[in-house]
Amino acid sequence: MMEAEMKRHFIVAAIFTIPVLILSPSIQGWAGYTLPPNPVWNFLLVLAASVVILYGGFVFYKGSVASLKLHTLDMNVLVSIALLSGYLYSLGSTFLFKAPDFYWEISTLATFILFGHWMEMKAQRSASGALKELVKLIPPTANIIRDGNVVEIPTSDVKVGDIVLVKPGENVPVDGVVVEGESSVNESMVTGESKPVEKRKESKVIGGTINGEGAIRVRVTKTGEETAIAQIIKLVEQAMSSKPRVQKLADRAAGYLTLIAIFVGAGTFIFWLGIGAGSLFALTLAITVVVIACPHALGLAIPAVTSISTTMAANNGILIKNAEALEIAKKIDIVVFDKTGTLTRGEFGVTDIIRLGDWSEREILENAAAIEVNSEHVIAKGIVKKTQEKGLQRVKAEKFMAMPGKGARAIVGKNGVYAGNANLMRDININPYIYQGAISKLSSQGKTVIYVATDRRLQGLIALADLIREESREAVKNLKELGLEVAMLTGDNKQTAAYVAKELGMTTFFAEVLPDQKANTIKTLQDQKKRVAMVGDGINDAPALVQADVGIAIGAGTDVAVESADVVLIRNDPRDVSKLINLSNKTMRKMNENLVWATGYNVVAIPVAAGILVPYGIVLRPEFAAVTMSLSSISVVINALLMRREKI
Numbered sequence: 257m258m259e260a261e262m263k264r265h266f267i268v269a270a271i272f273t274i275p276v277l278i279l280s281p282s283i284q285g286w287a288g289y290t291l292p293p294n295p296v297w298n299f300l301l302v303l304a305a306s307v308v309i310l311y312g313g314f315v316f317y318k319g320s321v322a323s324l325k326l327h328t329l330d331m332n333v334l335v336s337i338a339l340l341s342g343y344l345y346s347l348g349s350t351f352l353f354k355a356p357d358f359y360w361e362i363s364t365l366a367t368f369i370l371f372g373h374w375m376e377m378k379a380q381r382s383a384s385g386a387l388k389e390l391v392k393l394i395p396p397t398a399n400i401i402r403d404g405n406v407v408e409i410p411t412s413d414v415k416v417g418d419i420v421l422v423k424p425g426e427n428v429p430v431d432g433v434v435v436e437g438e439s440s441v442n443e444s445m446v447t448g449e450s451k452p453v454e455k456r457k458e459s460k461v462i463g464g465t466i467n468g469e470g471a472i473r474v475r476v477t478k479t480g481e482e483t484a485i486a487q488i489i490k491l492v493e494q495a496m497s498s499k500p501r502v503q504k505l506a507d508r509a510a511g512y513l514t515l516i517a518i519f520v521g522a523g524t525f526i527f528w529l530g531i532g533a534g535s536l537f538a539l540t541l542a543i544t545v546v547v548i549a550c551p552h553a554l555g556l557a558i559p560a561v562t563s564i565s566t567t568m569a570a571n572n573g574i575l576i577k578n579a580e581a582l583e584i585a586k587k588i589d590i591v592v593f594d595k596t597g598t599l600t601r602g603e604f605g606v607t608d609i610i611r612l613g614d615w616s617e618r619e620i621l622e623n624a625a626a627i628e629v630n631s632e633h634v635i636a637k638g639i640v641k642k643t644q645e646k647g648l649q650r651v652k653a654e655k656f657m658a659m660p661g662k663g664a665r666a667i668v669g670k671n672g673v674y675a676g677n678a679n680l681m682r683d684i685n686i687n688p689y690i691y692q693g694a695i696s697k698l699s700s701q702g703k704t705v706i707y708v709a710t711d712r713r714l715q716g717l718i719a720l721a722d723l724i725r726e727e728s729r730e731a732v733k734n735l736k737e738l739g740l741e742v743a744m745l746t747g748d749n750k751q752t753a754a755y756v757a758k759e760l761g762m763t764t765f766f767a768e769v770l771p772d773q774k775a776n777t778i779k780t781l782q783d784q785k786k787r788v789a790m791v792g793d794g795i796n797d798a799p800a801l802v803q804a805d806v807g808i809a810i811g812a813g814t815d816v817a818v819e820s821a822d823v824v825l826i827r828n829d830p831r832d833v834s835k836l837i838n839l840s841n842k843t844m845r846k847m848n849e850n851l852v853w854a855t856g857y858n859v860v861a862i863p864v865a866a867g868i869l870v871p872y873g874i875v876l877r878p879e880f881a882a883v884t885m886s887l888s889s890i891s892v893v894i895n896a897l898l899m900r901r902e903k904i
């Protein structure tokens, strides 16, 4: 049922309810006016009420048929029973037997229920509407480079492999890789990252993000439904339609409540008719029971919160693939991080430069970089990158000679310069163990040591390591403050693992674990009755992510459709794990609040509707029951919407 269709049925029902009220004898008596006698009034009353009940209520009859085909009973069945029983009784009172009719009551009932449903749909649309705004971030046209010229074409016509020019201030039209130019890009609308992200050659960009001050040329890698934004929307909608365990229980309870409402309604009618209260009074209370007991609030209690929380998560770069993960995350006992690329950057960087000869730290670094500049080895890249970060000039090297398994040699300036391991030093008659104390200290920290020497002398040491992310320390601290145990899983040796764990404030780590053994490590923790969240890259850690109670893939970037994970973190920021746990706590609290309200409402409302307060002169009429039922449903949606004010 679309919101526009519900609105249309409500408007028609509301328009035709007005003449029903004007023509109703009961309303005339209460309002103190009387229409001049005319048989046409009765005909018009029946006609107007028929439009309200048959057209306005059609949405509920259609829903009832669908429900009964599935052998289930839902809110549509209850509303249909209430409307049709009142309508048929009124037709009988008009044409078959002399009794007061029920037209205005069931007409206002139908109108109020339609209005309530329309308001619920508007609230729900508001809940998930922010996500749909992402689609509008994709510009309708893109500037592509063809034969050296810039050509503007519809974004839908852009193909993988095309080169797109993105000017300063423009929205990036597609996912791709920068091939030329430098700029900063605002990715907050997709990843939740508030600071602009620097982009240069080989950097990935996401469609829908906003380019900053520089023009960039982007090679298209994904278009249409394959782009990150399209995948994000798809995953969030998938999560919204999935059901956590608590919702399955609520659905089951709603089914039982529907049966209870039917039986209590029938029992109410029989009871009041049996004690001589009259058929109209008995039917009024019976319909009131059926209407007020509609488990619509119970049915909305969980989906309304799921819709809000998954959208909030997506706006913070956290994609929930299954709503059940939100429920389980609150119960996690231990979070296990893969080390490489998750807690560390996954790339070697220079951590120490130690002078041992005549050269300064700058000369040690420049000479080593001159040798390593043409190498693809990760250590060589780390040394070269350090010179770039320091803004050092590239020194020219000649007569380069690689020494496999040992290092390399070249002529730099007037010197023969060597950069490599201890074996290379021995080959050129330099004792690598003279400074064993310093070397052992660096090695104990999990660092790789590169010796830099001239033909006659050891000039210095360069230590490199897989650099720990600054965010990792805060991530571990945040999780500990939430009362969670934090552990690290790595294939590295125990010495390196112990150093990294100590730096991050962890006491638990698993070292020398081969990729195919990671899932077994997770299972061992689960056998200890612990609920485990595993955080990894979603590729090498896939079996462990699947084994974990909650599998979290980190650093997905544009590749958000990670099959092995329950949750995908777009950013490569381990602090987002604590955000997920916080969101889970807030989500479950809201779900429980809604369930308490929805069930509490029915526990109180059904006895009142059945007439328990009649001895005190209090009778709840069907139209007021409809208002109460609608307000109950709307209230759980509004309570869910209040989550938007909270930070995660």
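The opening residue of the sequence shown carries number 257 in our numbering; numbering runs sequentially from there.
The beta carbon of each residue, even a glycine, is placed where N, CA and C say it ideally should be.
Using C-beta distances below 6 Å, list every residue in its chain close to residue i, excluding the 5 sequence neighbours before and after it, in chain order.
{"i": "D217", "result": "No answer is possible for residue 217: it lies beyond the span of the chain, which begins at 257 and ends at 904."}
{"i": "V308", "result": "A269, F272, T273, S363 and A366"}
{"i": "A538", "result": "F525, W528 and L529"}
{"i": "I584", "result": "D805 and V806"}
{"i": "Y317", "result": "S336"}
{"i": "R787", "result": "K587, I588, D589 and D805"}
{"i": "V453", "result": "V441 and E443"}
{"i": "Y755", "result": "Q701 and G702"}
{"i": "G761", "result": "V732"}
{"i": "A304", "result": "F272, P275 and V276"}
Between which two residues does the alpha helix (DSSP H) harbouring residue i extend?
{"i": "A509", "result": "R501 to G530"}
{"i": "V546", "result": "S535 to I548"}
{"i": "C782", "result": "According to the sequence displayed, residue 782 carries Gln and not Cys. Its alpha helix (DSSP H) spans residues K774 to D783."}
{"i": "A678", "result": "A678 to D683"}
{"i": "V333", "result": "M331 to F351"}
{"i": "G663", "result": "Not the alpha helix (DSSP H): G663 falls in the beta strand (DSSP E), residues G663 to V668."}
{"i": "V315", "result": "F314 to K325"}
{"i": "V296", "result": "P295 to S306"}
Near residue i, what residues of its chain come up, given a Cβ to Cβ distance below 8 Å and the 5 sequence neighbours on each side ignored?
{"i": "D608", "result": "L698, K703, L717, I718 and A719"}
{"i": "L887", "result": "G372"}
{"i": "V651", "result": "E622, N623, A625, A626, V668 and G669"}
{"i": "M568", "result": "L839, M899, R900 and I904"}
{"i": "A896", "result": "A383, A560, V561, S563, I564, K846 and N850"}
{"i": "E261", "result": "V315"}
{"i": "I684", "result": "Y674, A709 and D711"}
What distance in whole Å lies between the Cβ atoms of residue j and residue i, which are believed to be in contact at a cut-off of 8 Å?
{"i": "S535", "j": "L529", "result": "6 Å"}
{"i": "K842", "j": "E759", "result": "The pair is not a contact, with the Cβ atoms about 31 Å apart (cut-off 8 Å)."}
{"i": "V502", "j": "M899", "result": "The pair is not a contact, with the Cβ atoms about 16 Å apart (cut-off 8 Å)."}
{"i": "L300", "j": "L279", "result": "6 Å"}
{"i": "L680", "j": "G663", "result": "4 Å"}
{"i": "N858", "j": "I904", "result": "With 8 Å as the limit, N858 and I904 do not qualify as a contact, their Cβ atoms being about 32 Å apart."}
{"i": "E727", "j": "P863", "result": "About 55 Å separates the two Cβ atoms, so there is no contact after all."}
{"i": "I686", "j": "A709", "result": "6 Å"}
Looking at the unbroken beta strand (DSSP E) that takes in residue i, where does it start and where does it end?
{"i": "D722", "result": "L714 to I724"}
{"i": "K655", "result": "A653 to M659"}
{"i": "M790", "result": "V788 to G792"}
{"i": "V708", "result": "T704 to A709"}
{"i": "A643", "result": "For the record, residue 643 in the displayed sequence is Thr; it is not Ala. Not the beta strand (DSSP E): T643 falls in the alpha helix (DSSP H), residues V634 to K646."}
{"i": "E408", "result": "N405 to P410"}
{"i": "V268", "result": "No beta strand (DSSP E) contains V268, which is instead part of the alpha helix (DSSP H) from E259 to L279."}
Take residue i and list the residues in its own chain whose beta-carbon comes closer than 7 Å to its own, dropping the five residues that flank it on each side.
{"i": "A800", "result": "K774, A775, I778, M790 and G792"}
{"i": "G432", "result": "V420, V461, V474, R475, V476 and T477"}
{"i": "S889", "result": "G372, E376, H552, A553 and L556"}
{"i": "G511", "result": "T328 and L329"}
Examine the ligand ZN and report whether any of its heavy atoms sits within less than 6 Å of the Cβ of residue i.
{"i": "T477", "result": "The ligand ZN is not part of the structure shown, which contains no ligands of any sort."}
For this session: Report the residue ranges of all beta strand (DSSP E) runs contained in full by the region 567 to 616; include only those spanning at least 3 residues, in chain order.
Result: 574 to 576, 590 to 594 and 600 to 611
Exercise. Which ranges would you report for the alpha helix (DSSP H) in the region 433 to 501 if only whole runs of at least 4 residues count?
Worked result: 444 to 447 and 484 to 497
Problem set entry | In chain order, each alpha helix (DSSP H) run of at least 4 residues that lies wholly inside the region 823 to 861 | none
Exercise. Taking only runs of the alpha helix (DSSP H) that begin and end inside the region 731 to 778, which ones reach a length of at least 4 residues, in chain order?
Worked result: 750 to 760
Exercise. Would the region 626 to 633 and the region 739 to 749 be scored as touching if the rule is three or more Cβ pairs under 8 Å?
Worked result: no
Exercise. If we count Cβ pairs, one from each stretch, closer than 8 Å, do we get three or more for the region 598 to 617 versus the region 720 to 739?
Worked result: yes
For this session: Taking 8 Å as the threshold, find out whether the region 729 to 736 comes into contact with the region 655 to 667 through three or more Cβ pairs.
Result: no
For this session: Say whether the region 288 to 302 touches the region 320 to 329, bearing in mind that this needs 3 or more beta-carbon pairs closer than 8 Å, one atom from each stretch.
Result: no
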